[in-house]
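> Sequence order for the protein chains is A and B.
Reading the first sequence from the start, the letters are residues 41 to 180 in our numbering.
Reading the second sequence from the start, the letters are residues 41 to 180 in our numbering.
Sending over a structure as structure tokens; questions will come in a sec.
Protein chains: 2
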Amino acid sequence: MFETAEHTETAFYEAFTEADLPRMMRTWDVEDDVVCIHPMGERLEGLRKIEDSWRLLFESGDRLQFLLSAWRTFSSPDVVVRCVQENISFYEEGRPRAAVVVATNVYRRRGSEWRMVLHHGSPVPVSQTRPATPIPDAVH
Amino acid sequence: MFETAEHTETAFYEAFTEADLPRMMRTWDVEDDVVCIHPMGERLEGLRKIEDSWRLLFESGDRLQFLLSAWRTFSSPDVVVRCVQENISFYEEGRPRAAVVVATNVYRRRGSEWRMVLHHGSPVPVSQTRPATPIPDAVH
Numbered sequence: 041m042f043e044t045a046e047h048t049e050t051a052f053y054e055a056f057t058e059a060d061l062p063r064m065m066r067t068w069d070v071e072d073d074v075v076c077i078h079p080m081g082e083r084l085e086g087l088r089k090i091e092d093s094w095r096l097l098f099e100s101g102d103r104l105q106f107l108l109s110a111w112r113t114f115s116s117p118d119v120v121v122r123c124v125q126e127n128i129s130f131y132e133e134g135r136p137r138a139a140v141v142v143a144t145n146v147y148r149r150r151g152s153e154w155r156m157v158l159h160h161g162s163p164v165p166v167s168q169t170r171p172a173t174p175i176p177d178a179v180h
Numbered sequence: 041m042f043e044t045a046e047h048t049e050t051a052f053y054e055a056f057t058e059a060d061l062p063r064m065m066r067t068w069d070v071e072d073d074v075v076c077i078h079p080m081g082e083r084l085e086g087l088r089k090i091e092d093s094w095r096l097l098f099e100s101g102d103r104l105q106f107l108l109s110a111w112r113t114f115s116s117p118d119v120v121v122r123c124v125q126e127n128i129s130f131y132e133e134g135r136p137r138a139a140v141v142v143a144t145n146v147y148r149r150r151g152s153e154w155r156m157v158l159h160h161g162s163p164v165p166v167s168q169t170r171p172a173t174p175i176p177d178a179v180h
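Encoded structure:
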């Protein structure tokens, strides 16, 4: 039960970190108007395509660690937009690597619960990124 | 005066097409929490940085034509999120070129007027794009 958009977002990034598909999909709305845009990807529409994309990503075996920073929020009683910078760490061929993704996450209220209806991530060339101010305990 | 988010969006893409900086900036909210992410760009915050980015783009002399398609909208009384596919035509060294950008546009109501508070555009490799169904008269 996600009582705020922030709770849903925390669960989303925890599921992403843990590559936990059922938990990931529980953060999404059950309506089929949901949209997901992975970095450099086309726009995926509907729960089936979105679930397939996460399955493929999680099955690839890549494990990502997120430090989230620089939130901007636009709120209304039914729709909340949260912009966040994803400071990502991962291993590639045994070497530690880093990447930055800017994400726009949109959450919709259904009764007393908030679910994700849109995730739009896009890459930022590392040369362009200013020093981030990560909040280490934002995602455990 | 933009009485709906759709009106604001139409004016935004008209200003973009015409490289009209004052008109572009009139589509943005006057609060300084606004955010703009150009394709492959870092997140720009605040009106000054956003205006500078449009000035730079418009002064480059590139002229883009937009056919918009595939809207998805998440609405509330105060915040409207509109996802749209930008099917872009332009000339590069005299040759016609095409590009596809997926955009998430967020509009906020101020009294009876709607203004843009977030524009997030990201490139889609053309090999990934399915046949679009452009609506030719969406932007004149």
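Quick reminder that beta carbons are idealized off the backbone N, C-alpha and C, glycines included.
Bear in mind the structure is a predicted one, so any value in this text is a computation, not a measurement.
Taking DSSP's pairing of strands, which residues face E126/A in a bridge?
L108/A and V141/A
> Please identify the residue among Q125/A, E85/A, E153/A and L61/A whose C-alpha is closest to the C-alpha of P96/A.
The question names Pro, but residue 96/A in the sequence shown is Leu. Per the C-alpha coordinates, the member of Q125/A, E85/A, E153/A and L61/A positioned closest to L96/A is L61/A.
> How is M64/A classed by DSSP in three states: helix, strand or coil?
In the structure shown, M64/A falls within a helical segment according to DSSP collapsed to helix, strand and coil.
> Given this structure, state the Cα-to-Cα distance separating N127/A from G134/B, to the nearest angstrom.
Distance between N127/A and G134/B, taken at the CA atoms: about 39 Å.
> Can you pull the chain B neighbours of V75/A, defined as C-beta to C-beta under 7 Å?
R112 and C123
> Please compile the residues from chain B whose C-beta is within a distance smaller than 8 Å of the C-beta of S152/A.
Chain B residues near S152/A: none, gap ~16 Å exceeds 8 Å.
> Measuring alpha carbon to alpha carbon, tell me which of R122/B, S129/B, F42/B and E54/B ends up nearest V140/B.
S129/B
> Can you give me the C-alpha to C-alpha distance between R83/B and L158/B, rounded to a whole angstrom?
10 Å
> Can you give me the start and stop residues for the beta strand (DSSP E) that R83/A sits inside?
R83 to E85
> Leaving out the 5 sequence neighbours to the left and right, which residues in its chain are closer than 6 Å to E85/B when beta-carbon positions are compared?
Excluding five sequence positions before and after E85/B, the CB atoms of its chain that fall closer than 6 Å to its own CB belong to V75, given in chain order.
> Output yes if chain B places a C-beta closer than 8 Å to the C-beta of P117/A; else output no.
yes
> Roughly how many angstroms separate the alpha carbons of D72/A and M156/A, rounded to a whole number?
12 Å
> May I have the straight-line CA-CA distance separating S115/A from L104/B, to the nearest angstrom?
32 Å
> Which residues share a DSSP beta bridge with I77/A?
Secondary-structure assignment with DSSP links I77/A through a beta bridge to R83/A and H160/A.
> At a threshold of 7 Å, does E46/A count as lining the ligand ADP (C-beta to nearest heavy atom)?
Of the ligands one can find in the structure shown there are none, so the ligand ADP has no counterpart to examine.
> Considering only DSSP beta bridges, list what Y53/B is partnered with.
Beta-bridge pairing links Y53/B to no other residue.
> Taking the alpha-carbon of V166/B as reference, which of P163/A, A51/A and M80/A has the nearest alpha-carbon?
Among P163/A, A51/A and M80/A, the Cα nearest to that of V166/B is on M80/A.
> Please tell me whether R88/A has its Cβ less than 8 Å away from any Cβ of chain B.
no
> Among F98/A, V70/A and D92/A, which residue has its Cα nearest to the Cα of Y53/A?
F98/A
> Under 9 Å Cβ-Cβ, which residues of chain A neighbour L158/B?
R112, F114, V121, C123 and T144
> How about A55/A and M41/A: do their beta carbons lie closer than 8 Å?
In this structure, the beta-carbon distance from A55/A to M41/A does not fall below 8 Å.
> Could you have a look at F98/A and say whether DSSP puts it in helix, strand or coil?
Looking at F98/A - three-state DSSP - the assignment turns out to be helix.
> Less than 8 Å between C-beta atoms, sequence neighbours within five positions excluded: which residues of the same chain meet that for P117/B?
R149
> For V164/A, which residues in chain B fall below 9 Å Cβ to Cβ?
I77, M80, G81, E82 and R83
> Starting from the Cα of A143/A, find the closest Cα among R112/A, G151/A, T67/A and S100/A and give me that residue.
R112/A
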